[in-house]
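As structure tokens, the structure follows; a few thoughts come after it.
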Amino acid sequence: MSQKELNELRKRLEEAERRREEAERRQEEAERRQEEEQQRREEEQRRREIAERDLNLEILQTRNTTLPEFLDACHKHLFLGLTIQKDKKSSTKGDPANADRKLRPSRIQEWTDFPDQQMAIWADLMDADFVTERHFTPLLALREAGKQIRKRMHGSELDIGHFLRETAESPVASIIEVLYASPQIRRKFHLNGDVTFENHANTLTDESGIVTDMNSLSLASDRPRRSERLAARQSRESSRSSSRITGQTTAQRRPPRPRADQFCVYNRGPDKREAAFVIENKAPHKFSLAHIKAGLQDMDLDHIVRYQKDESPEDICRRVVAAIITQPADYMYKGGYEYGCVSTGEAYIFLRIPDDDPSTVLYFLSVPKEDVGDTTDWAGDVNGDNRLHLTAVGQLLAFTLRALRTSPRDINWRNWAADRLKTWEMVYDDLLEEIEEKDIPASEYKPPLSRTEYCRQSP
């Protein structure tokens, strides 16, 4: 092959190589543009998904909640926000267990069928289509309300009253308002109206009758027995106050009319409003969960009111619990109410006075933070296991629906009950000051079997 032919061949090879490289560059450029287009589409899809997620999240946060969502959010955002002021310099003082001269039961016993009665209410609630309907406060509003609750230190009965109203009472009232608006559910629960929670009895239809009836009850009792230490202090105080007492009339010295901290008022109609049950609020820095666990048990009050020297911390806790339960029980007797409740924010002690045995008060302890924990296990499945019924709102809701099925007992029952009851005749001033919380054997508390099994159930 001549040199010329070799040069020509070399040129053709170089041209072929150039065209091949050019083709590869074009292919690479096309692939690069394709990758960029794919990335652009993926980025656009990602932005669209983020926008949709944000929109869905906004919808989830701002739309009304279902009953399960509402109960879950009330527990998580509201109830768990309780912060107790334990600094004695910044919290209120005073004895929370003043039951002096109040009508008292002879026995305090565990309310063993309370769980079954509550679960029966929940079975009816969860069986209704209402459960999946959106009627209640949006999550965003509940979360914002919870932020405000967490900023507060609760160090008085007034603080606890506000806390209970925001975290349990108002939610329960809003649920019952929706229940009453549904003819089907109204019939199922025999509802005749909605409810409000009020801190006075002035709006009750039969209040004037209650005043008259209560004034007819005899509260007279012998002078309370006192320990030697307290008797000496009382003697000194009596001498200082004798000049003030001298000028008072017999009517003025009459014991003040008992007054509950809170009423659940049942609006049975435009002209009929009556109390369904009473609530006694106690500040948790005065009446702690440790006091409750150490003292709440079946008790014979004839034994409890007998002061003994060298009493143990458990003895004092039992007497304090009995005295505190006596406070709402006294008003339940005089108002004719079957149901009542003591609440500290941390705990609820639900109470019932049987119609045929007024000398016995039944109790059931609910501690939502322990019974539920930090989560209710609600996952959006109505048929899934959860602990919504054990939340503060869940417990109070079922209790309220049950109480609405009753009416205050008449004056004949109240007089009949009062004739069979004794009054609290022990002075226990400063009982809580005599016992430090560290001395209370709270770790030994064993909840009743009925409460343990109840906490394992799911509505």
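The numbers in the sequence shown follow full-length UniProt numbering, run straight up by one, and end at 459.
By construction, the Cβ of each residue, glycine as well, lies at the ideal position given by its N, Cα and C atoms.
Measuring CA to CA, which of Phe287, Glu5, Ala323, Glu8 is closest to Arg107? Locating residue 107 in the sequence shown gives position 107, counting from the first residue. Considering only alpha carbons, the answer is Ala323.
Out of Ser288, Pro408, Ala120, which has the shortest C-alpha to C-alpha gap to Val265? The residue given as residue 265 occupies position 265 in the sequence shown. That would be Pro408, whose Cα lies nearest to the Cα of Val265.
Tell me the DSSP secondary structure of Ser174 in three-state form. In the sequence shown, counting from the first residue as 1, residue 174 sits at position 174. Ser174: helix per DSSP, three-state reduction.
Cβ shell of Leu421 (< 6 angstroms), same chain only, five flanking positions each side left out: Taking the first residue of the sequence shown as 1, we reach residue 421 at position 421. Only Leu103 meet the Cβ criterion.
Just verifying my parser: in three-state terms, what is the DSSP assignment at Met382? Locating residue 382 in the sequence shown gives position 382, counting from the first residue. The question names Met, but residue 382 in the sequence shown is Val. In the three-state scheme derived from DSSP, where H, G and I count as helix and E and B as strand, Val382 is classed as coil.
Taking DSSP as the reference, what is the three-state secondary structure of Thr376? Taking the first residue of the sequence shown as position 1, residue 376 is located at position 376. Coil at Thr376, not helix or strand.
By Cβ distance below 6 angstroms, which residues in the same chain neighbour Val195 in space, the five residues on each side in sequence not counted? As a working mapping, residue 195 is identified with position 195 in the sequence shown. Result list for Val195: Ala173, Ile176, Cys264, Tyr266, in chain order.
Does the beta-carbon of Glu274 have 16 or more other beta-carbons within 10 angstroms, so that it is buried, or is it exposed? In the sequence shown, counting from the first residue as 1, residue 274 sits at position 274. By the neighbour-count rule (16 or more Cβ atoms within 10 Å), Glu274 is buried.
Do you know offhand how far Val320's Cα is from Leu142's? Against the sequence shown, residue 320 aligns to sequence position 320. Against the sequence shown, residue 142 aligns to sequence position 142. Cα to Cα, the separation comes out at about 36 angstroms.
Between which two residues does the alpha helix (DSSP H) containing Gln85 stretch? As a first step, residue 85 must be located in the sequence shown, where it is residue number 85. Here Gln85 belongs to no alpha helix (DSSP H), and DSSP marks it neither H nor E.
Three CB pairs or more closer than 8 angstroms across the region 74-89 and the region 130-150: yes
Please report the distance separating the alpha-carbon of Arg318 from that of Glu311. Working through the sequence shown from its first residue, we reach residue 318 at position 318. Working through the sequence shown from its first residue, we reach residue 311 at position 311. C-alpha separation (whole angstroms): 11 angstroms.
Could you give the distance in angstroms between the alpha-carbon of Val342 and the alpha-carbon of Phe70? As a working note, residue 342 is residue 342 in the sequence shown. As a working note, residue 70 is residue 70 in the sequence shown. Cα-Cα distance, rounded: 24 angstroms.
Tell me whether His190 is buried or exposed, calling it buried when 16 or more other Cβ atoms sit within 10 Å of its Cβ. Sequence index remark: in the sequence shown, residue 190 carries index 190 (1-based). Exposed, since its Cβ has fewer than 16 Cβ neighbours within 10 Å.
Measuring CB atoms only, is the region 378-389 touching the region 158-169, in the sense that at least three cross pairs come out at less than 8 angstroms? no
Between which two residues does the beta strand (DSSP E) harbouring Asp333 extend? In the sequence shown, the residue the question calls residue 333 occupies position 333. The identity of residue 333 in the sequence shown is Tyr, whereas the question assumes Asp. Run containing Tyr333: none in the beta strand (DSSP E); it sits in the alpha helix (DSSP H), 313-335.
Could you check what DSSP says for Tyr180 in three-state terms: helix, strand or coil? Here residue 180 is taken as the residue at index 180 of the sequence shown, counted from 1. Helix.
Reduced DSSP category for Leu397 - H, G, I as helix; E, B as strand; rest coil: Position 397 of the sequence shown, counted from the first residue, corresponds to residue 397. Three-state DSSP puts Leu397 in a helix.
Identify every residue that forms a DSSP beta bridge with Cys264. Along the sequence shown, read from residue 1 onward, the residue named residue 264 stands at position 264. Note: Cys264 sits in a beta bridge opposite Phe197, Phe277.
Quick check on Gly155: does DSSP put it in helix, strand or coil? Locating residue 155 in the sequence shown gives position 155, counting from the first residue. Coil.
Residues near Gln85 in its chain [Cβ-Cβ closer than 7 angstroms; skip 5 each side]: Here the question's residue 85 lines up with position 85 in the sequence shown. Cβ within range, chain order: Ser91, Met153, His154, Gly155, His285.
Counting along the chain, where does the alpha helix (DSSP H) carrying Gly345 start and finish? Numbered from 1 along the sequence shown, position 345 holds the residue referred to as residue 345. Neither: Gly345 is in no alpha helix (DSSP H) and is coded neither H nor E.
Hey, out of Trp424, Lys293, Glu21, whose CA is closest to Tyr363's CA? Looking up residue 363 in the sequence shown gives position 363. With distances taken between Cα atoms, Tyr363 lies closest to Lys293.
Between which residues of its own chain and Arg405 is the CB-CB distance below 7 angstroms, once the five residues before and five after are set aside? In the sequence shown, counting from the first residue as 1, residue 405 sits at position 405. Taken in chain order, the residues that qualify are His190.
Identity of the residue in Pro105, Gln3, Glu169, Leu158 nearest Phe399 by Cα: One-based indexing of the sequence shown puts residue 399 at position 399. Nearest of Pro105, Gln3, Glu169, Leu158 to Phe399, Cα basis: Glu169.
Applying the 10 Å Cβ sphere with the 16-neighbour rule, what's the burial state of Ile50? Taking the first residue of the sequence shown as position 1, residue 50 is located at position 50. So Ile50 ends up on the exposed side.
Pairwise C-alpha distance: Leu296 and Thr83: Position 83 of the sequence shown holds residue 83. Position 296 of the sequence shown holds residue 296. Their backbone Cα atoms lie some 23 angstroms apart in a straight line.
Would the C-beta of Arg319 count as close to the ligand GDP, meaning under 7 angstroms from any of its heavy atoms? For the ligand GDP, the structure offers nothing, since it holds no ligand at all.
Return the residue from the list Arg402, Arg12, Glu370 that minimises the CA-CA distance to Asp124. Here residue 124 corresponds to residue number 124 of the sequence shown, with the count starting at 1. Taking only the C-alpha atoms, the option nearest Asp124 is Arg402.
Between the region 346-357 and the region 24-41, do at least 3 Cβ pairs fall closer than 8 angstroms? no
So Val278 and Glu425 are in contact, right, with Cβ under 8 angstroms, and what is the actual spacing, rounded? Here the question's residue 278 lines up with position 278 in the sequence shown. Here the question's residue 425 lines up with position 425 in the sequence shown. Actually they are not in contact, since the Cβ atoms of Val278 and Glu425 sit about 23 angstroms apart, beyond 8 angstroms.
Helix, strand or coil, according to DSSP, for Leu60 in the structure here? For this step, residue 60 is matched to residue 60 along the sequence shown. Three-state DSSP puts Leu60 in a helix.
Kindly indicate the opening and closing residues of the beta strand (DSSP E) around Arg107. As a working mapping, residue 107 is identified with position 107 in the sequence shown. 107-110 is the span of the beta strand (DSSP E), which, as asked, contains Arg107.
Quick check: Val382 and Val178, are their CB atoms within less than 8 angstroms of each other? Taking the first residue of the sequence shown as 1, we reach residue 382 at position 382. Taking the first residue of the sequence shown as 1, we reach residue 178 at position 178. Cβ atoms of Val382 and Val178: not closer than 8 angstroms.
From which residue to which residue does the alpha helix (DSSP H) around Phe70 run? Start at 1 with the first residue of the sequence shown, and residue 70 comes out as number 70. Per DSSP, the unbroken alpha helix (DSSP H) holding Phe70 starts and ends at 67-73.
Check each candidate in Glu24, Arg20, Val361 and name the one with the smallest Cα separation from Asp300. Counted from its first residue, the sequence shown places residue 300 at position 300. Looking at Glu24, Arg20, Val361, the one whose alpha-carbon comes closest to that of Asp300 is Val361.
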